[in-house]
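Quick notes on the structure that follows.
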Amino acid sequence: MSELNAKNSYLAQRKPRSEFGTREEYLEHELQVMAPRRWRPNLPFRD
Numbered sequence: 001m002s003e004l005n006a007k008n009s010y011l012a013q014r015k016p017r018s019e020f021g022t023r024e025e026y027l028e029h030e031l032q033v034m035a036p037r038r039w040r041p042n043l044p045f046r047d
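To convert, note that position 5 of the sequence shown is 5 in this note's numbering; the numbers rise steadily by one, no gaps.
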């Protein structure tokens with residue numbers, strides 16, 4: 001993995017649950033770190 005990918009990886013950006021006051025704050029942070037691409041078109045023959 002390149003150095004740039006290492007800095008932007010999930011493991012590099014995530015924080016333990018104990019750093020957040022509420023579960024909602026923690027889950028919101030997890031979604032930002034994961035950065036899901038929800039509305040990407042589903043193209044055939046691409047995984």
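Glycine included, each C-beta is placed from N, C-alpha and C at the ideal position.
In the structure shown, residue 18 falls within a helical segment according to DSSP collapsed to helix, strand and coil.
Here residue 12 carries a helix assignment [DSSP, helix/strand/coil]. Spanning the alpha carbons of residue 10 and residue 35 requires a straight line of approximately 9 Å. Annotation: the continuous alpha helix (DSSP H) that includes residue 27 extends over 23-34.
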